[in-house]
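Participant:
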Amino acid sequence: MKILQDLNFTELKNLIESYKEKSFRATQIYSALHNGLKISEISNISKALREKLLIEFVDEPVEIIKTLVSKDGTEKYLFKLFDGNIIEGVYMKNRYGNTQCLSTQVGCRMGCKFCASGIGGLVRNLTPGEMLATISAVNKKGGGNINKRAVTNIVLMGSGEPLDNYDNVIKFLKLVSSKEGLNVSLRNISLSTCGIVPKMLALAEENLPVNLTVSLHQPFNDKRKELMPISKVYSVDEILKACDYYFEKTGRRFIFEYSLVKGENDDIESANELIRLLRHRPCHVNIIRLNEVKENNLKATTEKEAYQFCGLLEKGGLSATVRRLNGADIEGACGQLRRNYVKGE
Ligand code: SAH
3 MKILQDLNFT ELKNLIESYK EKSFRATQIY SALHNGLKIS EISNISKALR EKLLIEFVDE
63 PVEIIKTLVS KDGTEKYLFK LFDGNIIEGV YMKNRYGNTQ CLSTQVGCRM GCKFCASGIG
123 GLVRNLTPGE MLATISAVNK KGGGNINKRA VTNIVLMGSG EPLDNYDNVI KFLKLVSSKE
183 GLNVSLRNIS LSTCGIVPKM LALAEENLPV NLTVSLHQPF NDKRKELMPI SKVYSVDEIL
243 KACDYYFEKT GRRFIFEYSL VKGENDDIES ANELIRLLRH RPCHVNIIRL NEVKENNLKA
303 TTEKEAYQFC GLLEKGGLSA TVRRLNGADI EGACGQLRRN YVKGE
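Going from the sequence shown to the numbering used here is simple: count from 1 and add 2.
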């Protein structure tokens, strides 16, 4: 079975025309799908057309099967895919809009030591339509539609490495920002990577003004290799050069994620090295306190120390902030909720 949400507007129009239907049907179907409806719920097309589509395409590629609401208003969802796989997503309400955190793969093969998403390895890539369908489903649940969005911002910071699923992610970005659909501004979308350099360079060429975020977590390359195996392939130096190229091409300042792990990357030497590497670069550092995961022994730096670390960076001339922990009481860290669900806990 195929996923109708995978098609862009032109592809859908061609399909509908191949069915000998009027092309305005494509507009109706496209907007209904982006509004989060199942094929069987599209009531402004004929039953015969719905039935024809259902022979080839899955009725509901993504279904919300569990919702957890945190004390701070953050919502966490478990989605079931049509093949039974489970992914997760987070919805955070902010002053400036609502942000959905999106998964791009089932599992992940990057193996970062602190992260729960990678523990079981990569299961499979998500298709563009599956990523879109998670956004449409949450937008609908939040009371939004394509004309008045509940989801205004998207961060590709859920499970998976977006640049390890490059083509599908690029198509998703085009789908979700298409004017016939949800039309989310690309400037409100942030793509986060562990540093797959050739794909960062390719992204710079796409002419898509998304924000680039890099999970740095360790400025010393040898130590970063221990924390993030991808560093054995692409060095910190190469990553920073790719960021510079991204800025050159897009004019967009980049962001570094820095999750503080007790005794691993929260010392003065790390702060000084960050300052040395980043002082002259157009960037911001987001300091995060580690979300402790029970499968490893890594511990979070205390809140007080996190602010001290941030102070050091600021004193050294960097733009840096400590990010507040969203949804820590509902297993907000990457991959934790899915993992516990799949294990039956
Ligand atoms: N693969 C992409 C995006 C997914 S992870 C990437 O590496 O950027 C989103 C962010 O959460 C990354 O910065 C990741 O390093 C961080 N992260 C993962 N597990 C974490 C944990 N247990 N505590 C704090 N941050 C974590």
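A virtual CB, placed ideally from N, CA and C, is assigned to each residue, including glycine.
(1) Alpha carbon to alpha carbon, what distance is there between residue 208 and residue 188?
(2) Given 7 Å as the limit, tell me if residue 244 has its C-beta closer than that to any heavy atom belonging to the ligand SAH.
(3) If you draw a straight line from the C-alpha of residue 252 to the C-alpha of residue 212, how long is it?
(4) Would you mind sorting residue 304 into buried or exposed? The rule is 16 or more other CB atoms within 10 Å of its CB.
(5) For residue 124 versus residue 107, is the C-beta spacing smaller than 8 Å?
(6) Report yes or no: do the region 192 to 209 and the region 150 to 161 share at least 3 C-beta pairs separated by less than 8 Å?
(7) Going by the C-beta, is residue 286 closer than 7 Å to any heavy atom of the ligand SAH?
(8) On the DSSP bridge list, what partners appear for residue 99?
(9) Give me, in chain order, the residues of the same chain whose beta-carbon lies closer than 7 Å to that of residue 9; leave out the 5 immediate sequence neighbours on both sides.
(10) If you measure from the CB of residue 292, is any heavy atom of the ligand SAH nearer than 7 Å?
(11) Going along the chain, which residues of its own chain have a beta-carbon closer than 7 Å to the beta-carbon of residue 247, five neighbours each way excluded?
(12) Under the three-state reduction of DSSP, which class applies to residue 58: helix, strand or coil?
(13) Check each candidate in 94, 67, 62, 88 and name the one with the smallest Cα separation from residue 76.
(14) Which of helix, strand or coil does DSSP assign to residue 281?
(15) To the nearest whole angstrom, what separates the beta carbons of residue 63 and residue 132, a pair I think is in contact under 8 Å?
(16) Tell me whether residue 286 sits in a helix, a strand or coil according to DSSP, three-state version.
(17) Given a threshold of 16 other Cβ atoms within 10 Å of its Cβ, counted over all protein chains shown, does residue 36 qualify as buried or as exposed?
(18) What do you reckon, are the CB atoms on residue 49 and residue 28 nearer than 8 Å?
Facilitator: Let me lay it out:
(1) Along the sequence shown, one-based indexing puts residue 188 at 186. Along the sequence shown, one-based indexing puts residue 208 at 206. For residue 188 and residue 208, the distance between alpha carbons rounds to 12 Å.
(2) In the sequence shown, the residue the question calls residue 244 occupies position 242. No.
(3) Numbered from 1 along the sequence shown, position 250 holds the residue referred to as residue 252. Numbered from 1 along the sequence shown, position 210 holds the residue referred to as residue 212. Residue 252 and residue 212: Cα-Cα distance of roughly 9 Å.
(4) Taking the sequence shown and counting its residues from 1, the one referred to as residue 304 is at position 302. So residue 304 ends up on the exposed side.
(5) In the sequence shown, the residue the question calls residue 124 occupies position 122. In the sequence shown, the residue the question calls residue 107 occupies position 105. Yes, the Cβ-Cβ distance between residue 124 and residue 107 is below 8 Å.
(6) yes
(7) As a position in the sequence shown, residue 286 is number 284, starting the count at 1. For the ligand SAH, not one heavy atom lies less than 7 Å from the Cβ of residue 286.
(8) Here the question's residue 99 lines up with position 97 in the sequence shown. Beta-bridge annotation (DSSP): residue 99 is paired with 96.
(9) The residue given as residue 9 occupies position 7 in the sequence shown. The residues are 17.
(10) Reading the sequence shown from its first residue, position 290 is the one you call residue 292. It does: the Cβ of residue 292 is within 7 Å (strictly closer) of some heavy atom of the ligand SAH.
(11) Residue numbering aside, residue 247 sits at position 245 when the sequence shown is read from its first letter. Here the set comprises 203, 206.
(12) What you label residue 58 is simply residue 56 of the sequence shown in a count that begins at 1. Looking at residue 58 - three-state DSSP - the assignment turns out to be helix.
(13) In the sequence shown, residue 76 corresponds to position 74, counting from 1. Checking every option, the nearest Cα to that of residue 76 belongs to 94.
(14) By 1-based counting over the sequence shown, the position of residue 281 is 279. DSSP places residue 281 in coil when its eight states are reduced to three.
(15) Walking along the sequence shown from the start, residue 63 turns up at place 61. Walking along the sequence shown from the start, residue 132 turns up at place 130. That belief holds up - the Cβ atoms of residue 63 and residue 132 are roughly 5 Å apart, short of 8 Å.
(16) Here residue 286 corresponds to residue number 284 of the sequence shown, with the count starting at 1. Correct three-state label for residue 286: strand.
(17) Within the sequence shown, the letter at position 34 stands for residue 36. Classification of residue 36: buried, given that the 10 Å Cβ count is 16 or more.
(18) Within the sequence shown, the letter at position 47 stands for residue 49. Within the sequence shown, the letter at position 26 stands for residue 28. Cβ distance not < 8 Å, so residue 49 and residue 28 don't count as in contact.
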